[in-house]
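Down below is the structure, laid out as structure tokens.
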Amino acid sequence: GPVAEPPRLGESRIDAAHMGERLGLYVIIVLGEGVIQIIDAASERDGWDGPLAATGLGAFGLLAAICTLSLLYGTNGIPRLRKGALAPRLAMLLHAVMTGFLVALATAVGSAVAHVDDVLPKGQHWLLCGAMAGYFAAGLVAALPLADRSDRVWLLGWALPCLAVSVALAPLGVGLPAWATIWILVALVCWQIAYDPGAPGTGPSGRRWRGFR
Numbered sequence: 001g002p003v004a005e006p007p008r009l010g011e012s013r014i015d016a017a018h019m020g021e022r023l024g025l026y027v028i029i030v031l032g033e034g035v036i037q038i039i040d041a042a043s044e045r046d047g048w049d050g051p052l053a054a055t056g057l058g059a060f061g062l063l064a065a066i067c068t069l070s071l072l073y074g075t076n077g078i079p080r081l082r083k084g085a086l087a088p089r090l091a092m093l094l095h096a097v098m099t100g101f102l103v104a105l106a107t108a109v110g111s112a113v114a115h116v117d118d119v120l121p122k123g124q125h126w127l128l129c130g131a132m133a134g135y136f137a138a139g140l141v142a143a144l145p146l147a148d149r150s151d152r153v154w155l156l157g158w159a160l161p162c163l164a165v166s167v168a169l170a171p172l173g174v175g176l177p178a179w180a181t182i183w184i185l186v187a188l189v190c191w192q193i194a195y196d197p198g199a200p201g202t203g204p205s206g207r208r209w210r211g212f213r
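Residue numbers for the sequence shown follow UniProt numbering, so the first one is 1 and each next one is one higher.
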């Protein structure tokens, strides 16, 4: 009789909205692990003092700012990723890379709270700064190749200062107390939130950016 043809493999359809919701929830879970690390480290202390308060509040603020940037100013938990701009498999790959940096960050913020009376160990300091540099780089990689030429100036102004400072902070800030390093990183994330040209009340460039999104 006739020989049956082998089944053809094809890519199944993906509900983009459902995928984006799940990937965003995963980012929240990873950031929640950072909160657990902060609480565990703080619970080892006999009492609260100025350095512990500054470091702990800064660490919480850093995670909250990242959550805001990833979920309110992005798609699939990735900052600045435009909806439908990437194929699902590429979006998931970029999401995996970015959340890998956030996992490293969760470990580093716990270490920062554990070393509030001294500078961070060099390896943990580099991990903290490197994780943030990777996070900023992931946001830039997500948006820059898909932006119009006129929008790329905005993107570079949004991402490059934060990326450059976090990279420079690794070797230059080794001697800083943990709370100072944390608050510098908080300021960098807040820069990306406040700089957002798509926020209400911005000028013509902001309107152009909303069209890009």
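C-beta atoms are modelled at their ideal positions from N, C-alpha and C, and glycine is treated no differently. Small disclaimer: the values here were computed from a predicted structure and weren't measured.
Sorted by chain position, which residues of the same chain lie with C-beta nearer than 8 Å to residue i's C-beta, five sequence neighbours on each side aside?
i, result
"C129", "S166, V167, L169, A170, G173, T181, L185"
Alpha carbon to alpha carbon, how far is residue i from residue j?
i, j, result
"Y135", "L94", "11 Å"
"L31", "L102", "7 Å"
"A106", "L52", "17 Å"
"A17", "G123", "39 Å"
"A194", "P6", "55 Å"
"E33", "P121", "21 Å"
"A91", "S111", "31 Å"
"L156", "I39", "35 Å"
"R149", "A54", "41 Å"
"M98", "G50", "32 Å"
"R152", "A143", "9 Å"
Given that a residue counts as buried once 16 or more other Cβ atoms are within 10 Å of its Cβ, and exposed if not, what is residue i?
i, result
"H125", "buried"
"I78", "buried"
"residue 248", "Outside the modelled stretch of the chain, which goes from 1 to 213, sits residue 248, for which no answer is possible."
Helix, strand or coil: how does DSSP classify residue i here?
i, result
"I182", "helix"
"I14", "coil"
"P145", "helix"
"P177", "strand"
"G77", "coil"
"V103", "helix"
"V167", "helix"
Residues in its own chain within less than 6 Å of residue i by CB, not counting five upstream and five downstream?
i, result
"L140", "A159"
Given residue i, which residues of its chain have a CB within under 7 Å of its CB, disregarding the five upstream and five downstream residues?
i, result
"I28", "C67"
"T75", "G20, L81, R82, K83"
"L176", "V119"
When the Cβ atoms of the segment 113 to 122 are set against those of the segment 33 to 46, are three or more pairs found closer than 8 Å?
yes
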